[in-house]
Amino acid sequence: MQRPIRVLVAKPGLDGHDRGAKVIARAFRDAGMEVIYTGLRQTPEQIVAAAIQEDVEVVAVSILSGAHSTLLPRIKELLKEENADDMLFVAGGVIPDDDIAFLKEKGVAAVFTPGTPTTLAVEFIREHVKR
Amino acid sequence: MDRGKRWRERRRIAKMITAVENALPGHEQILQEIYKKTGNAYVIGITGPPGAGKSSLTDALARGYIEKGLRVGVIAIDPTSPFSGGSILGDRIRMNELSTHPQMFIRSMGTRGQLGGLSAATHSAVMILDACGADVLFIETVGVGQSEIEIVKLADTVLMVMVPGLGDDIQAMKAGIMEIGDVFAVNKKDLPGADKTKIELEAMLSFLPPREWRPPVCMVSAMYKEGLEELEVAISEHRKFQADHGRLEQRRMRNAQEALLAILRDKMVLRVKSDDRYEELLQRMMEKTIDPYEAARQLMEGLDSCSED
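Sequence order for the protein chains is A and B. Each residue of the first sequence is one higher than the one before, starting from 0 at the first, in numbering that gives the first Met the number 0. Each residue of the second sequence is one higher than the one before, starting from 0 at the first, in numbering that gives the first Met the number 0.
What follows is the structure in structure tokens.
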């Protein structure tokens, strides 16, 4: 069997809306990926600790709380501190268009907003994951 | 290098597990290098039906060992889809608080086609965490049915997690999974029927042939953190019993044997498949001009005559 892409699907922030994270986790699974799902209300530290221990190739976070401009750069920072900057870092959720440029500047490789077909996220990961 | 120092190199540990799980170049050397450093961790297998609370109980027990200053490794296995090859590994959900603790290392693995409740690389991952400083190692199997018993080969103590409401005493009488528990935990003890489940388990255990170790049945609640001390004591007692009766040595001898045989099988199969006659013999089997025993005998002769790796 071909080596599956390992993805951490995590939900930082204090909102409890995990439907999106679950849908995307399921889509990644059906695309043949190994998805580590860590559940709600994760701190950046917890997310990065999980990413390191699980040795994932992709960190995918779902955030709908509005705290993306604080939490996502923090996650990227911690990944850098752990020398895990090579992990592909993507985000999804309710994120205003105006904030996307800032997030990309801070190292988020892609931002998937509501209405994005799951296949697009899958394709993006397949194309950009470093092997 | 001391065990504590190796334990802190978390990225390195994680990368080693990835290498063995995917048979990446260099994985054999990794296992060769660490092998001599293994054998220090006490391995606890956690098994039981889906939803019994294996992850939550692992989390609760791990906390106890961490408070004692021990380093705890967890290998949590969840099923891989036979169709897409993908998986959702969700055991960490119950262990999030501990995931940043420096004494804790949690790794999730998909079964990737392996039956029996574990993944093919579980043993290698156990050896890596053991060699890198784990004092206690939990292996959490997939949610099991009635015959996923591979865990007995790896664990020093098998903890069988049961819950009320899964069936009557006939279920408990069946052969297989119920026979491998060294310690039983009835989780969700606050639910109706928990006492009955305990009684049925006790009755089942009474009918087993008399053994020197009778598995205790502990009533626990991972959620409300009840009965955990008693459970930990039961595990310690089993550990002591095994040490006093030379059982740990026996188990580890069996593990060594399993590991060696697995490697031999893999290598022999690889070599046989690279034999020019392999395809030809298969074809002849299809045509019924040769039987599989004779084909195997001829291929084995090929093994005897070539000595290179």
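Backbone N, C-alpha and C define an ideal beta-carbon position, used for all residues, glycine too. On a predicted model such as this, the values are computed, not experimentally measured, just so you know.
Following the DSSP letters along the chain, one finds M252(B) inside the alpha helix (DSSP H) bounded by residues 246 to 272.
In this structure, L7(A) sits away from I51(A), with a CB-CB distance that is not shorter than 7 angstroms. Contact annotation for S118(B) against chain A: no contact, minimum CB-CB distance about 11 angstroms [criterion: below 7 angstroms].
Where F27(A) is concerned, the enclosing alpha helix (DSSP H) starts and stops at 18 to 29. Measuring C-alpha to C-alpha distances from C217(B) to each of G25(B), P48(B), L56(B) identifies L56(B) as the nearest. Taking a C-beta cut-off of 7 angstroms against chain A, the contacting residues of the segment 90 to 120 of chain B are R91, I92, N95, S98, T99, F104, I105, R106, S107, G109, R111, G112, listed in chain order. DSSP, read as helix, strand or coil, puts G115(B) in coil. By the criterion of at least three beta-carbon pairs nearer than 8 angstroms, the segment 104 to 123 of chain A is in contact with the segment 18 to 30 of chain A. Runs of the beta strand (DSSP E) spanning 3 or more residues and lying entirely within the segment 56 to 139 of chain B occur at 71 to 77, 86 to 88, 103 to 109, 135 to 139, in chain order. A direct Cα-to-Cα measurement between L298(B) and D274(B) gives close to 8 angstroms. Collapsing the DSSP output to three states places F206(B) in coil. V71(B) sits close to I65(B), with the two beta carbons spaced by under 7 angstroms. Inter-segment contact for the segment 89 to 107 of chain B and the segment 27 to 36 of chain B is absent: fewer than three beta-carbon pairs are separated by less than 8 angstroms. Distance from the Cα of R9(B) is smallest, within the candidate group V47(A), P113(A), A9(A), for V47(A).
Under the DSSP assignment, S61(A) falls in the beta strand (DSSP E) whose first and last residues are 57 to 61. For L190(B), there is no enclosing beta strand (DSSP E), as DSSP marks it with neither H nor E. In its chain, beyond the 5 residues on either side, T46, I148, I150, V151, V157, M159 have a beta carbon closer than 8 angstroms to the beta carbon of I179(B). Within the segment 51 to 70 of chain A, the residues whose Cβ lies closer than 7 angstroms to any Cβ of chain B are, in chain order, I51, Q52, E53, D54. For the pair G164(B) and G192(B), the CB atoms are nearer than the 7 angstroms cut-off. For E228(B), same chain residues with a beta-carbon under 6 angstroms away, outside a window of 5 residues either side, do not exist. The C-beta of D14(A) comes no closer than 7 angstroms to any C-beta of chain B. Cα atoms of A66(A) and P43(A): separation of roughly 12 angstroms, rounded to the nearest angstrom. One thing to note: L102(A) has its Cβ within 7 angstroms of the Cβ of V110(A). By the Cβ rule, the segment 133 to 149 of chain B does not count as touching the segment 221 to 237 of chain B, because fewer than three pairs are nearer than 8 angstroms. When rounded, the separation of the alpha-carbon atoms in Q41(A) and G12(A) is 7 angstroms.
T115(A) has a beta carbon lying at 7 angstroms or more from every beta carbon in chain B.
Counting C-beta pairs closer than 8 angstroms gives fewer than three between the segment 56 to 74 of chain A and the segment 110 to 130 of chain B, which falls short of the contact rule.
In the assembly as shown, S235(B) is an exposed residue. Its beta-carbon has fewer than 16 other beta-carbons within 10 Å. By alpha-carbon distance to R91(B), the top candidate from L39(A), R2(A), V22(A), P113(A) is L39(A).
Distances from the alpha-carbon of L114(B) to those of H100(B), S80(B), N186(B) put S80(B) closest. Classified as buried, R5(A) has 16 or more neighbouring CB atoms from the shown chains inside 10 Å of its CB. K67(B) and F240(B) have their C-alpha atoms spaced approximately 21 angstroms apart.
Nearest neighbour of P48(B) by Cα position, chosen from R246(B), M177(B), Y41(B), turns out to be M177(B). Residue-level contact by beta carbon holds for R10(B) and chain A, with a gap shorter than 7 angstroms. L77(A) has its alpha-carbon roughly 24 angstroms from the corresponding atom of H16(A).
Under a criterion of Cβ atoms nearer than 7 angstroms, the residues of chain B adjacent to F27(A) are, in order, G85.
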